[in-house]
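Below is one structure, written out as structure tokens, with a few remarks after it.
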Amino acid sequence: MIPGIGVLTQNTLWCFSQMKGAIETGVTEADIISTVEFNHTGELLATGDKGGRVVIFQREQESKNQVHRRGEYNVYSTFQSHEPEFDYLKSLEIEEKINKIRWLPQQNAAYFLLSTNDKTVKLWKVSERDKRPEGYNLKDEEGRLRDPATITTLRVPVLRPMDLMVEATPRRVFANAHTYHINSISVNSDYETYMSADDLRINLWNFEITNQSFNIVDIKPANMEELTEVITAAEFHPHHCNTFVYSSSKGTIRLCDMRASALCDRHTKFFEEPEDPSNRSFFSEIISSISDVKFSHSGRYIMTRDYLTVKVWDLNMENRPIETYQVHDYLRSKLCSLYENDCIFDKFECVWNGSDSVIMTGSYNNFFRMFDRNTKRDVTLEASRENSKPRAILKPRKVCVGGKRRKDEISVDSLDFSKKILHTAWHPSENIIAVAATNNLYIFQDKVN
Amino acid sequence: MEWASEPGEEGPKPGLNPPLRAAREGAPGRMEFKLEAHRIVSISLGKIYNSRVQRGGIKLHKNLLVSLVLRSARQVYLSDPCPGLYLAGPSGTPMALPQLPGEPAAGPAAGWGEPAPPAVPAAWQETQPHPERSAVPDAQRAVDAEPAAPGIDAGDAVLGGQAAAGPAWRLMEGPREAAAGGPGNPAGASEVFPEVARAASHHCGRPPGGEDQPGALGATPRGDCCCAKEEAPAPPPIGPRKRGAAGAGGVGGPAGCPAPSSTPLKKPRRDLEEPSSGAAAEEEEEMETGNVANLISIFGSSFSGLLRKSPGGGREEADGEENGPEAAEPGQICCDKPVLRDMNPWSTAIVAF
């Protein structure tokens, strides 16, 4: 834990920094952001949307003249990653929605990221071009071929500066390996392999090989009628390239070691909390389904998100989480309505801050919540256009559950369930967060004193 | 939503309201559970149906969760039958429900209305669909036989499945006729049932002396499901089955609903597993009739792990707010009519899918 960096204390105030996206009231479905991810240095911020596009923002260099203004994120590159496809064999349309983006650590001047839709993973190379060669012998400046008879001298082409151009090219396409819908991808710490997980299987890929993958987890029963659970998320350990975890729809997490066997159907560790019988309802199974699992940066803990809570587990203790945080427990009595309007199926993600001291996750009404693991304090903030003045300090919000509603509180029944924050990201080392609210991306920073 | 019964479409059924009110006075908590469970089942079926037309194909995870809810709700609905729901009066005579015209398919649907004694579900595993089912030519019938499938235990499944095969169909109609004459002939009905009750392997709806259905599970606890006693298990099996026979079974509604919509649930998984089988019409038909057999077992053996986990799972449903509309319209419990009305489009949709 790095003291002083990324610690949510009572002195931390979050300010609005930027908002990206259209402001008009009507939301095009294709513009809905479906994933947000900082790269390993925090210099780049990538978003994927339902229309299959990836937009990368780059943080501008902090200028000495404006020390009080941290670097802003500006659009760096936009490209169409996936297109809608049609599986003719099964008469199924494959959505172009980007489910996940994961960055590779930077190893040269170019940036690499993985993006995936339901069926296909692609490796994209994002590189800059700021010079171009000029002075060819056989071509003129417009590229037309010159008549060799007219060439009397030879010259060496030289590179001359040009306007910066950022180009994204698909370097690898990893296709046809998943029968079910891909929900997760995770880059291994060896930087040579990565895994992709769908509802029933997890495959291990080598970045260089696109026509083969290893199947490392397969929970498909011989008889599909006996299906009881599906894989909901998977991630590699941040340091141990042989270890990964995957979560299930039953609220369990399995940790697997690839050294144990080629097919990791048998887990090494099994994390499950016994169910509280007093909370049993029709929807107990749905709300216990884990929607996201994330290793802490230290690799010692995992965090899971189910519908109503966030839990932190110690890898060394399998029988219960070490911490449980209620995100929006006031929804527990509304589960039937939420089932009706499909909100109960929303898959919220959760993130750690750089020092693993604070965790963040989203909720409804464009609220998002942060929990400080050390002080046990929590705060509810809102991503809204009303709070979108530069460096405006975010005011903590409160949901009123009972009878009397105080002035600034909002009652449960007034919550807007169409405004949900499913995807958030935290800068790897600073207190900068990116929050996706439908089609808008909000960037908040802590107040620089 | 096509599954929710519309009060405006038909008048309240004469036989239903009085007993329902009686039941409400007697056991309001249970009734609310059942109404809630019924509503949840309707919603769940709607979701499964709609998932077929969603972009991106069937989402396995979501459909799995919906089916879990469906299971829980169905278990609540059927595990502790309210006498008031099915009884006409103290005699325990099954109510005569008006026979809704144009619903011959209601026959087999009646079978599964019987609540299963909890011990029976294990018997599901052994019951396999009979080969003869695959020869069912009538898609409509096949689909209609499906409501019989989720009838909780193997006996029902066998009967339901065999309803598709033909002979059991007629047998099912037997008790319906008896029920039609029920109000005027309570003694007769009671006579029928105790006799039937003695044949342990008999479905309680079979006429006395009816032969053993081949493959019917022997020694099922169904023997005591006949209405010889006034206890909860006894009359309800008769009642709901008749309601099912009449096509207006409240129990028949929700339990019947899963069946046709389980077809698409089953189908997508089969589709995913057998990509090559979706193409030819022949194969589709095969798949569909195969699905009938599958459906019969699907609600017994499928997700059996979940069943064992919490048979009484839905009891502590705390939601009270949803009971409002239901409470106001007791007649809505019978949703069979809208369900059955959709059967034809269902079977068409199934074939197309």
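Going down the list, the protein sequences come from chains A and B. Per full-length UniProt numbering, the very first residue in the first sequence carries number 1; after that it's consecutive. Per full-length UniProt numbering, the very first residue in the second sequence carries number 1; after that it's consecutive. Here a beta-carbon is modelled for each residue, glycine too, at the ideal position from N, C-alpha and C. Treat the numbers as computed from the prediction; the structure is a model and nothing was measured.
- Non-local beta-carbon contacts of T438(A) in its own chain, meaning distances under 6 Å to residues more than five positions away in sequence, involve V27, I32 in chain order.
- A Cβ of chain A is located within less than 9 Å of the beta carbon of L65(B).
- Assignment of K34(B) by DSSP, reduced to helix, strand and coil, places it in the helix class.
- By the neighbour-count criterion, in which a residue is buried when 16 or more other Cβ atoms sit within 10 angstroms of its Cβ, E96(A) is buried.
- Segment contact: the region 126-138 of chain A against the region 159-171 of chain A, three or more CB-CB distances shorter than 8 Å; contact assigned.
- Chain-order list of chain B residues neighbouring S289(A): H61, L65, by C-beta distance under 8 Å.
- In this structure the region 387-398 of chain A does not lie against the region 328-348 of chain A, because fewer than three pairs of beta carbons, one per stretch, are closer than 8 Å.
- CA-CA distance, L45(A) to V351(A), rounds to 15 Å.
- A distance below 8 Å between beta-carbons, with the five flanking residues on each side excluded, links H237(A) to the following residues of its chain, in chain order: S189, T243, F244, V245, F295, G299.
- For the pair D292(A) and S247(A), the CB atoms are nearer than the 9 Å cut-off.
- A distance below 9 Å separates the beta carbons of E349(A) and R305(A).
- DSSP, reduced to helix, strand and coil, places I421(A) outside both helices and strands of the structure shown, so it counts as coil.
- If you look at R102(A), you'll find it in the beta strand (DSSP E) that goes 100-103.
- As the crow flies, the alpha-carbon of N215(A) is around 6 Å from that of L204(A).
- Proximity to A262(A) across H423(A), P170(A), V435(A), I202(A) peaks at I202(A), based on C-alpha coordinates.
- Exclusion of the five residues before and after K47(B) leaves V66 as the residues of its chain whose Cβ lies within less than 7 Å of its Cβ.
- If you look at Q18(A), you'll find it in the beta strand (DSSP E) that goes 14-20.
- By the rule that beta-carbons nearer than 9 Å mark a contact, K34(B) does not touch chain A.
- Counting C-beta pairs closer than 8 Å gives fewer than three between the region 166-185 of chain A and the region 136-145 of chain A, which falls short of the contact rule.
- The continuous alpha helix (DSSP H) containing L335(A) extends over residues 335-340.
- For S72(B), the chain A residues whose C-beta falls within less than 7 Å of its own C-beta are F282, listed in chain order.
- When Cβ-Cβ separations below 9 Å define contact, I43(B) makes contact with chain A.
- Judged by beta-carbon spacing, F417(A) lies beyond the 9 Å limit of S72(B), meaning their Cβ atoms are not closer than that value.
- When the beta-carbon positions are compared, V126(A) and L114(A) stay at least 9 Å from each other.
- Note that the C-beta distance between C264(A) and V187(A) is not below 9 Å.
- By the criterion of a C-beta distance shorter than 6 Å, S384(A) is surrounded in its chain by N366, once the five residues flanking it on both sides are discounted.
- Taken in chain order, the members of the region 89-121 of chain A whose beta-carbon sits within less than 8 Å of a beta-carbon on chain B are L89, K90, S91, L92, E93, I94, E95, K97, D118.
- For K20(A) and K407(A), the gap between their C-alpha atoms comes out near 30 Å.
- For chain B, none of the residues of the region 15-34 of chain A brings a beta carbon within less than 9 Å of one of its beta carbons.
- A Cβ-Cβ separation of about 21 Å leaves F16(A) out of contact with F371(A) under the 8 Å criterion.
- By the neighbour-count definition (other C-beta atoms within 10 Å, threshold 16), S411(A) is an exposed residue.
- Rounded to whole angstroms, the Cβ separation of D314(A) and Y301(A) is 6 Å, and the two are in contact under 8 Å.
- Shown here, K47(B) sits in a helix according to DSSP, grouped into three states.
- Separation of W124(A) and S42(B) (C-alpha to C-alpha, rounded to the nearest whole angstrom) is 45 Å.
- A Cβ-Cβ contact shorter than 9 Å links W14(A) with L381(A).
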